[in-house]
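Each residue of the sequence shown is one higher than the last, beginning at 406 in my numbering. Reviewing the structure listed below.
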Amino acid sequence: MFMASLEELVNSGLHKEFPEVFLEDALNLFQSASSFDNLTPCAKLFPNSIDGYHTSLLIFSKYSDKLLAVLSQLQSIQRTFELIQDVFEHSLPEERAYFQLAAIAAVFPTNIRTALKPFLKAYLLLELLDSEMSNPAYSPFEQPSSCSLQAHTAHLELGRSVFVANSRLSLKFLLRDLWLPFIKSTFYHRMADLISGVFTESFVQRLQEYLEFVVVKGWLRNIGVKPKSASAALLPNLLFETYYAVRRQELFSIMIEYPESHPSLLDLRLCFQNAKLLQDLIDELGHEVRTRLLHPGVHTDQILLGYGCLVRALRVIDPSSVAQDIICQPVAVCLRARDDAVHCIVDRLISPPDDAQQSSQAVGLQQELLLPTPLEVEPTDELREGDAHLFAHDPSGYVGVSSVPVDMDSEAGIPFSQATEELDWDRWMPDPIEARHHTGLWRRKIDLLSLLVGIYGSKKAFLLEYRNLLS
406 MFMASLEELV NSGLHKEFPE VFLEDALNLF QSASSFDNLT PCAKLFPNSI DGYHTSLLIF
466 SKYSDKLLAV LSQLQSIQRT FELIQDVFEH SLPEERAYFQ LAAIAAVFPT NIRTALKPFL
526 KAYLLLELLD SEMSNPAYSP FEQPSSCSLQ AHTAHLELGR SVFVANSRLS LKFLLRDLWL
586 PFIKSTFYHR MADLISGVFT ESFVQRLQEY LEFVVVKGWL RNIGVKPKSA SAALLPNLLF
646 ETYYAVRRQE LFSIMIEYPE SHPSLLDLRL CFQNAKLLQD LIDELGHEVR TRLLHPGVHT
706 DQILLGYGCL VRALRVIDPS SVAQDIICQP VAVCLRARDD AVHCIVDRLI SPPDDAQQSS
766 QAVGLQQELL LPTPLEVEPT DELREGDAHL FAHDPSGYVG VSSVPVDMDS EAGIPFSQAT
826 EELDWDRWMP DPIEARHHTG LWRRKIDLLS LLVGIYGSKK AFLLEYRNLL S
């Protein structure tokens, strides 16, 4: 019925004499049959503050009928376009391509495309869940309770018929700018549900397999994104930046729960090796240490426990010791200001531990005294002058090459020439750029006990307290 006006023009032959009129009538006809009048009010249902993942969950929990209506409308638009396109192919084939471009611009202006986004993201979530079910061995996530794939099979099938590749009016352009921000949002929130508060497991390898086999080779292929462009957009930093973003609010807890949190620390170490995140770690964790550990309500003994955990944990995630030097410096300043700090250090060494955590701390401290090679740390400004005569400056001048005594590595008993030959240069890495801003160009070798005692700048105070406790 709605094609009658176009057919009259074709039968009269005026469509060839006045192609502009014929094209205008075709566009008006297509636009009137493809109205989204009921779509605009739906945009108010989804506040801009809600991200794409939670918007999709909201649609499936409350507005799944509207999603079905939107997909049906898109399918109807494609069918109407095919009918009009048939007329062009038989009457004005040279105007066919122009009509397609004009039709898309007329039916999908900016406001309509904006209103469609929440529903298109819901379809993307269905495709993602389907890819997870097709590759269960590579998916560590559970299906959201509000979005069961079995309950929305009709939505998925209808969406696939709309976005099929061989459609004469391809609507894949509607997904072009949505898939990347959608997967970033979804990956973040689902990862947060999976790993938040769980520090005793490693997740990076499983998440890496998820991105490779489920997202790139499954989901993106199903929605028509080319694998090469997808890999370039997703990898390699999406995993590491997202993992760190989830763990960012838990950094202090992860450090304090060392060594139980060792698997999480290894995951974080991979993040820092593959993405430039060290400065943010220094800023965020440094703030957490100052606000949660360094205040009058925390007992000195607890600060010492936290200090030991911080040193060991930061050594795992940042072998350069730059983060350790910067983050732990305020702890050293706080301990110097406490009169009972030396007493607590000595008491912790000679007293039996009260619980498993303190036992682990004590054993760890005692074991470090027996290490054949002492711990490398950056000397603080207060200690640089007092102990500088014990260590030789590295003649190479390269940041990251540890200095050793001139004649002999006194801790390990290895001649300097032999120790230099045994350095693993294949695995050597320069210090991060933060090192030049916060530390010097040389390091000394020192164990954790010497680090604790050296906080006060005087070994005499430590020995005096130790003698008093033994008497």
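Virtual Cβ for every residue (Gly too), placed ideally from N, Cα, C.
Check                                                                                                : Outcome
Per-residue burial, Asp812 [other beta carbons within 10 Å of its own, 16 or more giving buried]     : Model confidence at Asp812 stands at a pLDDT of 37, short of 50, so the residue's coordinates are unreliable; what they give is reported in the following sentence. Exposed.
Arg595, enclosing alpha helix (DSSP H) - first and last residue                                      : 584-600
Rounded separation between Ile530 and Ala746 - CA only                                               : The sequence given here places Leu at residue 530; Ile does not occur at that position. Looking at the two C-alpha atoms, the distance is approximately 55 Å.
Tyr615 beta carbon less than 7 Å from that of Tyr543                                                 : yes
Distance between beta carbons of Ser575 and Gln480, contact taken as under 8 Å                       : Contact doesn't hold; Cβ gap of about 13 Å is too wide.
Range of the contiguous alpha helix (DSSP H) that encloses Ser566                                    : 558-567
Backbone CA spacing between Leu599 and Leu709 [nearest angstrom]                                     : 32 Å
Assumed close pair Ile489, Leu434 - CB separation to whole angstroms, cut-off 8 Å                    : 7 Å
8 Å contact criterion, which Leu473 and Leu563 should meet: CB distance rounded                      : 7 Å
Span of the alpha helix (DSSP H) around Arg695                                                       : 683-697
For Leu644 and Val609, believed in contact at Cβ under 8 Å, the rounded distance                     : 7 Å
Per-residue DSSP class, three states only, for Asp706                                                : helix
Inter-residue spacing [alpha-carbon to alpha-carbon] between Phe587 and Arg652                       : 20 Å
Gln555: first and last residue of the uninterrupted alpha helix (DSSP H) it sits in                  : Counting along the chain, Gln555 falls outside any alpha helix (DSSP H), and DSSP gives it neither H nor E.
8 Å contact criterion, which Leu699 and Val736 should meet: CB distance rounded                      : 7 Å
For Ser469, the nearest candidate out of Lys526, Ala597, Gln729 (CA to CA)                           : Lys526
Gln548 in three-state terms, based on DSSP                                                           : coil
Counted within 10 angstroms of its Cβ, other Cβ atoms place Tyr503 as buried (16 or more) or exposed : exposed
Arg743 versus Tyr712 - alpha carbon distance                                                         : 14 Å
Phe604 beta carbon less than 7 Å from that of Ser669                                                 : yes
Terminal residues of the alpha helix (DSSP H) in which His700 lies                                   : That residue, His700, is in no alpha helix (DSSP H); it is neither H nor E in DSSP.
Of the residues Lys622, Gly623, Ile628, the one placed nearest Asn571, counting alpha carbons only   : Ile628
Beta carbon of Lys471 nearer than 7 Å to that of Cys447                                              : yes
Spatial distance of Ser658 from Ser725 (CA atoms)                                                    : 22 Å
Range of the contiguous alpha helix (DSSP H) that encloses Asp745                                    : Element bounds for Asp745: n/a, residue is neither H nor E.
Leu690 vs Ile722 beta-carbon contact at 7 Å                                                          : no
Segment limits, alpha helix (DSSP H) that includes Tyr649                                            : 642-652
Straight-line Cα distance separating Gln548 from Arg484                                              : 34 Å
Delimiting residues of the alpha helix (DSSP H) encompassing Glu614                                  : 609-614
Closest Cα partner of Thr696 within the set Val630, Ala728, Ala680, Cys739                           : Cys739
Simplified DSSP assignment, three categories, for Arg581                                             : coil
DSSP three-state assignment for Glu790, whether helix, strand or coil                                : Note that Glu790 scores 38 on pLDDT, short of 50, meaning its location in the model is unreliable and no value can be drawn from it.
Reduced DSSP secondary structure (H/G/I, E/B, other) of Phe677                                       : helix
For Leu715, the three-state DSSP class (helix, strand or coil)                                       : helix
Spatial distance of Arg872 from His667 (CA atoms)                                                    : 36 Å
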